[in-house]
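Have a look at the structure below, then the notes.
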Amino acid sequence: MAYNAVEMADWQISEAAEENMPYPDEWREKLALEKDEILPMGRLCKLDFLKIIDRLKDQPDGKYIEVTAITPT
């Protein structure tokens, strides 16, 4: 869904985006994570990167990109 920043306030965009946000179990399935590697916090979730890295240590290295902040400019 496209959000129009000209017609919608920030809080309206945030509420509309949150309606379609997957639950932690859905994220776990999409990302092929183990149950103990995801820490649910309401509708949000945190990832236990140390457990994930430990589980995947014997697999070939892949490409990893971490986005820590996004600015609107």
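Going letter by letter, the sequence shown gives residues 105 to 177 in my numbering.
Backbone N, C-alpha and C define an ideal beta-carbon position, used for all residues, glycine too.
This structure is a prediction, so every number in the text was calculated from the model and none was measured.
Between the CA atoms of residue j and residue i - distance to the nearest angstrom
i: PRO128; j: THR175; result: 25 Å
i: ALA136; j: ILE169; result: 17 Å
i: ARG159; j: GLU111; result: 46 Å
i: ILE156; j: SER118; result: 29 Å
i: MET145; j: VAL171; result: 20 Å
i: ASN108; j: PRO126; result: 21 Å
i: LEU151; j: TRP115; result: 26 Å
i: ALA113; j: TRP131; result: 27 Å
Cutoff 8 Å: residue i Cβ touching any chain D Cβ
i: ALA106; result: Checking the listed chains, one finds no chain D in this structure; it contains a single protein chain.
Cut-off 8 Å between Cβ atoms - residues of its own chain near residue i, not counting five sequence neighbours on either side
i: ARG147; result: GLU122, MET125, TYR127 and PRO128
Beta-carbon contacts of residue i that lie in its chain and below 7 Å, excluding the five residues immediately before and after
i: CYS149; result: PRO128, TRP131, ILE142 and LEU143
Cut-off 6 Å between Cβ atoms - residues of its own chain near residue i, not counting five sequence neighbours on either side
i: GLU138; result: none
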